[in-house]
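**Q** Take a look at this one; I'll ask things after.
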Amino acid sequence: SVGVEASVAATTAATSVSTAVCIVCFDDVSPNEGQSVTMACGHLCCDQCWLGLLRARLDDGDVHRAVCPAEGCQLPLPLSAARFILPPDMYDRYSRLVGQKAVETTTDLKWCPNPGCERSLELGEDLRLAFQHSVAVECACGHRFCWSCSQAPHEPASCSQMVEWQRLMRAVVEEAEEHTQNWMSAATKACPRCSARIQKTGGCNHMVCQNCSHHFCWTCMGDWRLHNAQTGGYYSCSLETTERDLEAR
């Protein structure tokens, strides 16, 4: 009888070690057979309950809420455990989302701004100490940029100094463009046929557009074939006076 009692006790002890209860569905699971995940916090949840939770997090895109389901426990599920639970296609989506969220919520991580590059960069300890200055970093793709503003490197100028410099440069360009437009309006005319701008630096009124080969009078802008000695020849034009008189009437 003593031997039987000892045997029963041993069997009960073995059962308690080899089986456990899921904290979500309360089903018996066998940790030793890979049916559950035991977190570092000590809470155990079966694979099926974890699978349902991870699917929900994938659907709402909030993978940061993939934490231990025990009440009051916020320990995140490790990626290594998610790989064990999820099918390969779902794990790929999950791991990408985890990486994206990590970059978006960590100041020491940033996406490379180079179009087409999907790499993330981590600010090293040596550069972190100089973060108050404009730190230039280089991605593995070869793209260099300022860590603070993600624009082209501009050290030793600060980002705010660079913004002000760009504003001043835009003002200079706009002013130059305005001067150019004023000069174009005052010193050039548009070809009556193709509208190409033409400058007259000397000579007679007979003009030939270099763009469309149209012949016209510089004074009245009319077709040169309408001009002859009676209209003023090469150096004057009575047609302009006639047109002005008609407009005045």
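Using UniProt numbering, count along the sequence shown one by one with no gaps and you end on 249. Idealized CB from N, CA, C, for every residue including glycine.
1) If we count Cβ pairs, one from each stretch, closer than 8 angstroms, do we get three or more for the region 83 to 91 versus the region 63 to 72?
2) Please report the straight-line C-alpha distance between R57 and E164, rounded to a whole angstrom.
3) In the DSSP assignment, find the unbroken beta strand (DSSP E) run with V24 in it and report its ends.
4) Starting from Q199 and walking both ways along the beta strand (DSSP E), at which residues does that stretch end?
5) Quick check on L97 - is its C-beta less than 9 angstroms from some C-beta in chain C?
6) Please report the distance separating the alpha-carbon of C217 from that of R170.
7) In chain order, what are the residue ranges of uninterrupted beta strand (DSSP E) at least 3 long that sit wholly in the region 134 to 188?
8) Just to confirm before moving on: does the CB-CB distance between C112 and F84 stay below 9 angstroms?
9) Is A56 helix, strand or coil when you go by DSSP?
10) For E247, I'd like the list of residues in its chain whose CB is within less than 7 angstroms of its CB, leaving aside the five on either flank, ordered along the chain.
11) Below 9 angstroms between beta carbons: does that hold for A82 and H43?
12) Could you give the first and the last residue of the continuous beta strand (DSSP E) run that contains S36?
13) For N205, I'd like the list of residues in its chain whose CB is within less than 7 angstroms of its CB, leaving aside the five on either flank, ordered along the chain.
14) Per DSSP, F216 forms a beta bridge with which residues?
15) When the Cα atoms are used, what is the spatial distance from A20 to Q48?
16) Answer yes or no: do V98 and L75 have a C-beta to C-beta separation smaller than 9 angstroms?
17) Work out the CA separation of C41 and G72 for me, nearest whole Å.
18) Once DSSP output is grouped into helix, strand and coil, what is the label at A190?
19) Using only alpha-carbon positions, find the residue among A176, C194, T201, E178 that is nearest to T188.
**A** By the coordinates alone:
1) Taking a cut-off of 8 angstroms for Cβ pairs, the region 83 to 91 and the region 63 to 72 do not touch, as fewer than three such pairs fall below it.
2) Against the sequence shown, residue 57 aligns to sequence position 57. Against the sequence shown, residue 164 aligns to sequence position 164. Those two C-alpha atoms are separated by around 44 angstroms.
3) Sequence index remark: in the sequence shown, residue 24 carries index 24 (1-based). No beta strand (DSSP E) contains V24, which DSSP labels as neither H nor E.
4) Here residue 199 refers to the residue found at position 199 when the sequence shown is read from its first residue. In this chain, the beta strand (DSSP E) harbouring Q199 covers 197 to 199.
5) Looking at the structure shown, chain C is missing, and only one protein chain is on hand.
6) To locate residue 217, count along the sequence shown from 1; it is residue 217. To locate residue 170, count along the sequence shown from 1; it is residue 170. Approximately 39 angstroms between the Cα atoms of the pair.
7) 136 to 138, 144 to 146
8) For this step, residue 112 is matched to residue 112 along the sequence shown. For this step, residue 84 is matched to residue 84 along the sequence shown. Contact flag unset, no.
9) The sequence position of residue 56 within the sequence shown is 56, counting from 1. A56: helix per DSSP, three-state reduction.
10) Here residue 247 refers to the residue found at position 247 when the sequence shown is read from its first residue. With a pLDDT of 46 at E247, under the threshold of 50, the modelled position of this residue cannot be trusted; read the value that follows with caution. So the list is empty, once near-sequence residues are dropped.
11) Position 82 of the sequence shown, counting from 1, holds the residue named residue 82. Position 43 of the sequence shown, counting from 1, holds the residue named residue 43. Not a contact, by the Cβ cut-off of 9 angstroms.
12) As a working mapping, residue 36 is identified with position 36 in the sequence shown. Looking at the DSSP string, the run of the beta strand (DSSP E) that includes S36 is 36 to 38.
13) Residue 205 sits at position 205 when you count from the first residue of the sequence shown. So the list reads C217, W218, T219, Y234, Y235, C237, once near-sequence residues are dropped.
14) Counted from its first residue, the sequence shown places residue 216 at position 216. For F216, which the question treats as bridged, DSSP gives the partners M207, D223.
15) Your numbering for residue 20 matches position 20 in the sequence shown. Your numbering for residue 48 matches position 48 in the sequence shown. Spanning the two alpha carbons is a distance of roughly 15 angstroms.
16) Residue mapping note: residue 98 aligns to position 98 of the sequence shown, counting from 1. Residue mapping note: residue 75 aligns to position 75 of the sequence shown, counting from 1. The answer is no: Cβ separation not under 9 angstroms.
17) Here residue 72 is taken as the residue at index 72 of the sequence shown, counted from 1. Here residue 41 is taken as the residue at index 41 of the sequence shown, counted from 1. Cα to Cα, the separation comes out at about 11 angstroms.
18) Mapped onto the sequence shown, residue 190 falls at position 190. Note: A190 maps to strand in three-state DSSP.
19) On the sequence shown, position 188 is the one that residue 188 refers to. Checked all of A176, C194, T201, E178; the closest Cα to T188 is T201.
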